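**Q**
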Amino acid sequence: MIGPDRISLNTATLRQQWSLAECIEGCARHGFGGIAPWRDKLHEMGVDAAARAIREAGLAVSGLCRGGWFTAEGSLTQAVIDDNRRAVDEAVAIGAECLVFVVGGLPNGSRDMPAARALVEDGLARTLDHARAVGMKLAIEPLHPMYAADRACVNTTRQALDICDRLGPGIGVALDVYHIWWDPEIEAQIVRAGKDRIMAFHVCDWLVPTKDMLTDRGMMGDGVIDIPHLRHAVEASGFGGLIEVEIFSADNWWKRDADEVVRTVADRVARFC
Ligand code: ZN
Numbered sequence: 223m224i225g226p227d228r229i230s231l232n233t234a235t236l237r238q239q240w241s242l243a244e245c246i247e248g249c250a251r252h253g254f255g256g257i258a259p260w261r262d263k264l265h266e267m268g269v270d271a272a273a274r275a276i277r278e279a280g281l282a283v284s285g286l287c288r289g290g291w292f293t294a295e296g297s298l299t300q301a302v303i304d305d306n307r308r309a310v311d312e313a314v315a316i317g318a319e320c321l322v323f324v325v326g327g328l329p330n331g332s333r334d335m336p337a338a339r340a341l342v343e344d345g346l347a348r349t350l351d352h353a354r355a356v357g358m359k360l361a362i363e364p365l366h367p368m369y370a371a372d373r374a375c376v377n378t379t380r381q382a383l384d385i386c387d388r389l390g391p392g393i394g395v396a397l398d399v400y401h402i403w404w405d406p407e408i409e410a411q412i413v414r415a416g417k418d419r420i421m422a423f424h425v426c427d428w429l430v431p432t433k434d435m436l437t438d439r440g441m442m443g444d445g446v447i448d449i450p451h452l453r454h455a456v457e458a459s460g461f462g463g464l465i466e467v468e469i470f471s472a473d474n475w476w477k478r479d480a481d482e483v484v485r486t487v488a489d490r491v492a493r494f495c
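My numbering numbers the first residue of the sequence shown as 223 and each following residue consecutively.
Laid out in C-alpha cells, this is it:
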C-alpha cells in the first residue's frame with residue numbers, strides 16, 4: 223500500500239480552499255511527503271517565506287508549476303525569457319525536483335503549429351542554458367491534444383522526448399496520467415524516457431463524461447485511467463519520486479472541505495494508484 227509519505231500535493235488540488243501556507247501546514251499535518259506549488263500561490267506567500275516554511279515542515283518539493291507559455295506573445299520576447307529564468311530561480315529557491323513546463327499553444331490568430339513548436343523549442347533551449355548553470359532540471363509536461371491550441375503544442379510523450387533528445391541533458395518530462403493515458407505508444411515512450419528523464423509523475427482521473435476541458439478532472443478511482451499500470455511502468459523505468467496529486471475540479475473537489483479532500487486523496491492513492 224502506498225502511504226501518505228509517498229504523496230505530494232499539487233496546490234491546484236486545493237486552489238479555491240487553501241493558501242500555500244495552509245497547504246504546507248496541511249500536508250505536514252496529514253503526513254504527506256511533499257508539495258508542488260503553483261507560482262501564483264508562491265508569489266502570494268513570498269518565495270523566501272515559502273522556502274523556509276517548506277523546509278521547516280520537512281516536505282520535499284516534487285516540482286514547481288510552471289514555466290513555459292513561450293508562445294504567449296507570438297515571439298520569444300525578453301519578458302517571456304525573463305519570466306522563465308525567474309521561474310527557474312524560484313524552483314531553485316524552494317528546492318524543487320524540477321520546474322514543470324506548460325509550453326504554450328498557438329499564438330493569437332495563428333494557424334501555424336510547426337512555427338509554434340519551433341518557438342517552444344527555442345524557448346526551452348534558452349531556458350535550459352540558465353537552468354544548467356544553476357542546477358535545476360526542466361520537465362516538459364506533454365498535454366492532452368485537446369489543449370494544443372490554447373495551452374501546449376507538445377502533446378505526446380514521444381514529441382516531448384524528441385525535443386529532449388535534441389536539447390541534451392538537464393531536460394526531461396513530467397508525466398501526468400490525465401494527459402498520457404490514451405496514448406497507444408505510452409509504454410514504449412516511458413521505457414525510452416528512462417530514469418533520468420522522468421522527472422515527475424502526476425495523478426488524477428479521467429471522468430466520463432468530462433464536462434469541462436480544464437476544470438473537471440476526477441479523483442483517482444472515479445474515472446477510467448489504469449493508474450497502477452502507468453505507475454508500475456514509470457517505476458520500472460527507474461522513477462522513484464513522489465506521486466503528485468493534481469486535480470482541477472471546479473464543481474466538486476474545489477467546493478469541499480480541504481481536510482476532507484486531503485483525507486480522500488490519501489485513501490484513493492492507497493486504493494487506486
Ligand atoms: Zn500535471
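Beta carbons: idealized from backbone N, C-alpha and C, even for Gly.
Since the structure is predicted, the reported quantities are computational estimates derived from the model, not experimental observations.
1. Going by CA-CA distance only, name the one from Asp344, Ile447, Gly331 that's closest to Val302.
2. For Val399 and Thr299, I'd like the C-alpha separation in whole angstroms.
3. Let me make sure I understand the geometry here. Which of Cys386, Arg354, Arg348 has the alpha-carbon closest to that of Val314?
4. Within a Cβ cutoff of 8 Å, which residues of the same chain sit near Arg388, ignoring the five residues on either side of it in sequence?
5. Going by DSSP, what residue range makes up the beta strand (DSSP E) through Met335?
6. Answer with buried or exposed for Leu231, where buried requires no fewer than 16 other C-beta atoms within 10 angstroms of its C-beta.
7. Specify, as a first and last residue, the run of the beta strand (DSSP E) that Gly326 falls within.
8. Alpha carbon to alpha carbon, how far is Pro391 from Leu236? Give it in angstroms, no decimals.
9. Would you tell me roughly how many angstroms separate the C-alpha atoms of Arg307 and Thr349, rounded to the nearest one?
10. Quick one: is Glu466 buried, meaning 16 or more other Cβ sit within 10 Å of its Cβ, or exposed?
11. Return the bridge partner residues of Asp438 from the DSSP annotation.
12. For Asp481, report the span of its beta strand (DSSP E) as first-last.
13. Name all residues in chain order for which at least one heavy atom of the ligand ZN lies closer than 6 Å to the residue's CB.
**A** Well, looking at it:
1. Asp344
2. 32 Å
3. Arg354
4. Glu343
5. No beta strand (DSSP E) contains Met335, which is instead part of the alpha helix (DSSP H) from 335–356.
6. buried
7. Per DSSP, Gly326 belongs to no beta strand (DSSP E) and is neither H nor E.
8. 34 Å
9. 6 Å
10. buried
11. Ser471
12. Segment 480–494 is the alpha helix (DSSP H) holding Asp481; no beta strand (DSSP E) there.
13. Glu363, Asp398, His424, Glu468
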